[in-house]
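In my numbering, the protein residues as written are 28 to 256.
We put the CB at the ideal spot given by N, CA and C, even for glycine.
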Amino acid sequence: MRLADLSSPDVAEYAASGAILAVPLGATEQHGPHLPLSTDTDIATALCERLAAQRPDVLVAPAMPYGSSGEHAGFAGTLSIGQAATELLLVELGRSACETFRRLLFVSAHGGNAASVTRAVATLRAESRDVSVFEPRWQGDPHAGRPETALQLALRPDAVQAEKAVPGDDRPLSELLPVLRKGGVRAVTDTGILGDPTGATAAEGRDLLDDLTTQLRKHVRDWTSVVAP
Numbered sequence: 028m029r030l031a032d033l034s035s036p037d038v039a040e041y042a043a044s045g046a047i048l049a050v051p052l053g054a055t056e057q058h059g060p061h062l063p064l065s066t067d068t069d070i071a072t073a074l075c076e077r078l079a080a081q082r083p084d085v086l087v088a089p090a091m092p093y094g095s096s097g098e099h100a101g102f103a104g105t106l107s108i109g110q111a112a113t114e115l116l117l118v119e120l121g122r123s124a125c126e127t128f129r130r131l132l133f134v135s136a137h138g139g140n141a142a143s144v145t146r147a148v149a150t151l152r153a154e155s156r157d158v159s160v161f162e163p164r165w166q167g168d169p170h171a172g173r174p175e176t177a178l179q180l181a182l183r184p185d186a187v188q189a190e191k192a193v194p195g196d197d198r199p200l201s202e203l204l205p206v207l208r209k210g211g212v213r214a215v216t217d218t219g220i221l222g223d224p225t226g227a228t229a230a231e232g233r234d235l236l237d238d239l240t241t242q243l244r245k246h247v248r249d250w251t252s253v254v255a256p
């Protein structure tokens with residue numbers, strides 16, 4: 028169920044029954060010449076919607092499509108609000124959401140948001156709010172490569188320009204990190220791709236989506252088994 032489709036009294040009833048509010052956190056940033064800027068937001072939203080389809084106690088909030096994407100500066104279309112603004116937004120959003128909901132779940136599918144989300148959740152939990160975060164992770168290419176391309180082929184095939192997919196920098200992330208931290212993605216690849224998206228299939232994407240959904244369900248099950256403060 029989507030929060031935005033409900034009336035205020037309807038939301039109050041759901042909240043009174045113990046509903047969890049799930050907030051998809053994404054980004055608006057380049058994902059190579061073949062994937063849409065909405066890729067991270069699409070993945071986070073899909074995971075929240077899948078969770079809600081399997082758990083009637085979950086409401087899905089409108090996605091946050093902006094985050095900390097400074098590492099993608101120099102690529103057209105990237106819109107970043109930076110770490111500090113992302114952290115503040117999440118803290119204030121969390122405080123507001125917890126006026127209605129006893130439990131709040133952030134699902135963040137953009138790696139650049141990690142530091143901001145971690146700090147925001149720590150602040151909210153220190154204020155005795157029951158907040159958790161799930162960050163989907165997978166083996167393989169870290170950005171705009173085979174996994175994300177496969178996921179988008181499963182989710183939004185019409186938004187994938189497969190004929191424009193080309194191999195990018197496929198060095199291990201551990202090797203790239205020093206350069207990325209200093210000069211961003213543009214310093215290591217002109218295409219914005221870290222990995223090789225060629226050959227990705229929708230079937231791979233569906234399998235990965237199923238695996239990530241299973242991980243998310245377990246995360247929520249483990250979290251909600253603990254008595255809230």
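query = Can the beta-carbon of Ala124 be found closer than 7 Å to that of Leu131?
reply = The residue you call residue 124 lines up with position 97 of the sequence shown. The residue you call residue 131 lines up with position 104 of the sequence shown. Against a cut-off of 7 Å, the Cβ pair of Leu131 and Ala124 comes out as a contact.
task = Would you kindly check if the distance between the Cβ of Phe133 and the Cβ of Val144 is under 7 Å?
result = For this step, residue 144 is matched to residue 117 along the sequence shown. For this step, residue 133 is matched to residue 106 along the sequence shown. Closer than 7 Å, so yes.
task = Tell me whether the beta-carbon of Pro89 lies closer than 7 Å to the beta-carbon of Thr72.
result = Translated into the one-based positions of the sequence shown, residue 89 becomes position 62. Translated into the one-based positions of the sequence shown, residue 72 becomes position 45. No; because the gap between Cβ atoms is not below 7 Å, this pair is not in contact.
Continuous beta strand (DSSP E) assignments of at least 3 residues falling wholly in the stretch 169-216 = none
query = Who are the Cβ neighbours of Thr105 in its own chain at under 6 Å, not counting the five residues just before and after it?
reply = Taking the sequence shown and counting its residues from 1, the one referred to as residue 105 is at position 78. Only Glu56, Gln57, Ser96, His99 meet the Cβ criterion.
inquiry  = Let me check one thing: in DSSP terms, what residues is Leu106 bridge-paired to?
reply    = Counting from one through the sequence shown, the residue named residue 106 turns up at place 79. BP columns for Leu106 point to Thr55.
request  = Assuming Gly139 contacts Ala214 (C-beta within less than 8 Å), just tell me the rounded distance between them.
outcome  = Here residue 139 is taken as the residue at index 112 of the sequence shown, counted from 1. Here residue 214 is taken as the residue at index 187 of the sequence shown, counted from 1. 15 Å between Cβ atoms; not a contact.
task = State the DSSP-derived secondary structure class of Ile220, mapped to helix, strand or coil.
result = Here residue 220 corresponds to residue number 193 of the sequence shown, with the count starting at 1. In this structure, Ile220 counts as coil in the three-state DSSP scheme.
Cα-Cα separation between Asp230 and Ala181, rounded to whole angstroms = Your numbering for residue 230 matches position 203 in the sequence shown. Your numbering for residue 181 matches position 154 in the sequence shown. Note that residue 230 corresponds to Ala in the displayed sequence, not to Asp. Distance between the alpha carbons of Ala230 and Ala181: 7 Å.
key: First and last residue of the uninterrupted alpha helix (DSSP H) at Arg130   = Counted from its first residue, the sequence shown places residue 130 at position 103. Looking at the DSSP string, Arg130 is not in any alpha helix (DSSP H); the run it does join, the beta strand (DSSP E), is 130-135.
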